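J.: Position 320 (the sequence shown) corresponds to 320 in UniProt numbering; numbering is contiguous. The C-beta atom is built at its ideal place from N, Cα and C for all residues, glycine as well. Because the structure is a prediction, the values reported are computed rather than measured.
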Amino acid sequence: MKTTKFLLSNSSTPQSVRPRQPLGKFALVIMAALTVAACNRSATELAPHPGDSDKPSADTVKTPGKPQVDTTTTNPGKPADPKPGDSTGTGDPVSVYKSMKISYSALDFQEVQYDAKGTPVRYTSQYMYNQGTGDVKRTVYSLQYGADQRLNRIDQTLYLGNKQIATTYTLYHYTGNQVDRTEEFAVDGTLLVSRTYRYSAAGQLVQLDQKSRNSKNALRRTFQYDGKGNLTTMSDFYNVAPDGGYVLELTFAFEDYDNQKHVENLMATTPFLPAVTFRTNNYHTKIVRSKDGKEISRETVDYAYNAEGLPTQRVTSGAGGKLTATYTY
Numbered sequence: 001m002k003t004t005k006f007l008l009s010n011s012s013t014p015q016s017v018r019p020r021q022p023l024g025k026f027a028l029v030i031m032a033a034l035t036v037a038a039c040n041r042s043a044t045e046l047a048p049h050p051g052d053s054d055k056p057s058a059d060t061v062k063t064p065g066k067p068q069v070d071t072t073t074t075n076p077g078k079p080a081d082p083k084p085g086d087s088t089g090t091g092d093p094v095s096v097y098k099s100m101k102i103s104y105s106a107l108d109f110q111e112v113q114y115d116a117k118g119t120p121v122r123y124t125s126q127y128m129y130n131q132g133t134g135d136v137k138r139t140v141y142s143l144q145y146g147a148d149q150r151l152n153r154i155d156q157t158l159y160l161g162n163k164q165i166a167t168t169y170t171l172y173h174y175t176g177n178q179v180d181r182t183e184e185f186a187v188d189g190t191l192l193v194s195r196t197y198r199y200s201a202a203g204q205l206v207q208l209d210q211k212s213r214n215s216k217n218a219l220r221r222t223f224q225y226d227g228k229g230n231l232t233t234m235s236d237f238y239n240v241a242p243d244g245g246y247v248l249e250l251t252f253a254f255e256d257y258d259n260q261k262h263v264e265n266l267m268a269t270t271p272f273l274p275a276v277t278f279r280t281n282n283y284h285t286k287i288v289r290s291k292d293g294k295e296i297s298r299e300t301v302d303y304a305y306n307a308e309g310l311p312t313q314r315v316t317s318g319a320g321g322k323l324t325a326t327y328t329y
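(1) Please name the residue, chosen from Y114, A106 and D108, that lies closest to M100 on a Cα-to-Cα basis.
(2) Hey, how far is the Cα of L323 from the Cα of H262?
(3) Just the C-alpha distance for V193 and S212, rounded to the nearest angstrom, thanks.
(4) Between T326 and M267, what straight-line distance do the alpha-carbon atoms span, to the nearest angstrom?
(5) Should Y104 and R138 be called a contact, given that it needs their Cβ atoms to be closer than 7 Å?
(6) Can you check whether the CB of T182 is closer than 7 Å to the CB of P271?
(7) Near S200, which residues of its chain fall below 7 Å by C-beta distance, leaving aside the five closest residues on each side in sequence?
(8) With C-beta atoms as the reference, is T269 less than 7 Å away from F254?
(9) So is R195 in contact with chain D if we call contact Cβ pairs under 7 Å?
(10) Can you tell me where the beta strand (DSSP E) holding G176 begins and where it ends?
(11) DSSP beta-bridge partners for N130?
(12) Am I right that Y174 and R150 are in contact with their C-beta atoms under 8 Å? What's the rounded C-beta distance?
(13) Cβ atoms of N217 and V247: under 7 Å apart, would you say?
(14) Within a Cβ cutoff of 8 Å, which residues of the same chain sit near D135, ignoring the five residues on either side of it in sequence?
(15) Going straight from the alpha carbon of R314 to that of L171, what length do you get?
(16) Classify I102 as buried or exposed, calling it buried when 16 or more other Cβ atoms lie within 10 Å of its own Cβ.
(17) Take D258 as the anchor and find which of D302, A147, Q144 and S297 has the nearest alpha-carbon.
(18) Look at D256 and T285 and say whether their C-beta atoms are less than 7 Å apart.
(19) Just tell me which of T312, L273, N214 and A319 has its CA closest to the CA of L143.
(20) Identify the residues that DSSP records as bridge partners of T287: which are they?
(21) Looking at C-alpha atoms only, which residue of E264, V187 and L191 is the closest neighbour of Q210?
(22) Taking the alpha carbon of R298 as the reference point, which residue from T316, P311 and N306 has its own alpha carbon closest?
(23) Sort K163, N177 and V140 by Cα distance to D148 and report the nearest one.
(24) Using a Cβ-Cβ cutoff of less than 8 Å, which residues in the same chain neighbour F237 once the five nearest sequence positions on both sides are dropped?
(25) Between which residues of its own chain and T196 is the CB-CB distance below 7 Å, once the five residues before and five after are set aside?
(26) CB-CB under 6 Å to K291, same chain, minus the five flanking residues each way: which ones, in chain order?
(27) Given a threshold of 16 other Cβ atoms within 10 Å of its Cβ, counted over all protein chains shown, does Q126 qualify as buried or as exposed?
(28) Assign D188 to one of two classes, buried (16 or more other C-beta atoms within 10 Å of its C-beta) or exposed (fewer than that).
(29) Along the beta strand (DSSP E) that carries K117, what are the first and last residues, could you check?
(30) If we count the other Cβ atoms within 10 Å of its Cβ and call it buried at 16 or more, is residue 333 buried or exposed?
(31) May I have the straight-line CA-CA distance separating K98 from G293, to the nearest angstrom?
Encoded structure:
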């Protein structure tokens, strides 16, 4: 495990979950990031972004050959050909053959579940929002695919405890094999958020433009990569200039990459972009800067790996303390 000492300042991370201690600044930041992953988000999160991760729980890890039949999601092989206003799927069961979890505690986790072909069919993000009662918020994303095996729809359901409190769905549009647009709808067909995507000649995502029904200001997020395909800079701009142009708000820098395997690309952004790679390896330093270049926060990240080079533990250190995540495959 690499250990590096840095001067730590204010913590700020999109994506992560919280430790079970009195809510400090670090925990509040984490909770805010997870809440954004809920159904009625108005902003795209990269968590792992491109900067963080969510959560899976200590459920069970499914093994090939012994699928667990899940009757709550739809069959990727039978797309619903969804249209605005239709928030239901086919209702066919999906067999889950394996999963990958990132756990922060028994109640705080992220989990991706896969079918026999290794295609992600469900993502679950859960965190304890009331430490006094142990109540949790859970968002379940059910991924649906067309006959061409391309992701064409995601149903997002938010639960408070065991009570379902919100549902939205996202439709995907393609140019060739690349997602060029996604649209998120309320259950009644109201368009909530639209996003468009631009790619480099190498197929890397370089720009995301987002317009939200509940926000006057559109977001533009840009991405820059190193020669190994690792995200080095992510910048957020908003169209708040008098002439309608975009103004830089925040810049996220990711540094000190190792040579080990990165396993959180699917979790990097919502809506999910399974064909997009934000990282090949794992960064060890994250710095957030304001529009004038002033450092707002700095985090250092240390990993432990197994014999296959896959992460088994991640420890994030910031001004608010440390957050430990455990990986299960």
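T.: The answer reads as follows:
(1) Y114
(2) Taking the straight line from one Cα to the other gives about 18 Å.
(3) 4 Å
(4) 15 Å
(5) no
(6) Yes, they are a contact pair.
(7) V206
(8) No. Outside cutoff.
(9) No chain D appears in this structure, which consists of one protein chain only.
(10) Careful: G176 lies outside any beta strand (DSSP E) and carries neither H nor E.
(11) Among the bridge pairs identified by DSSP, N130 is matched with D135.
(12) 6 Å
(13) no
(14) M128, Y129, L160 and G161
(15) Their backbone Cα atoms lie some 33 Å apart in a straight line.
(16) So I102 counts as buried.
(17) D302
(18) yes
(19) L273
(20) As written in the sequence, residue 287 is Ile, which differs from the Thr given in the question. A253 and R298.
(21) It is L191 whose Cα lies nearest to the Cα of Q210.
(22) T316
(23) N177
(24) L219, R220, R221, T222, Y246, V247, L248 and E249
(25) D180, R181 and D209
(26) L248 and E249
(27) A buried status is given to Q126, since no fewer than 16 other beta-carbon atoms sit within 10 Å of its beta-carbon.
(28) exposed
(29) Premise fails: K117 is in no beta strand (DSSP E) and is neither H nor E.
(30) Absent from the structure is residue 333, since the part of the chain shown begins at 1 and ends at 329.
(31) Between the alpha carbons of K98 and G293 lies a gap of roughly 43 Å.
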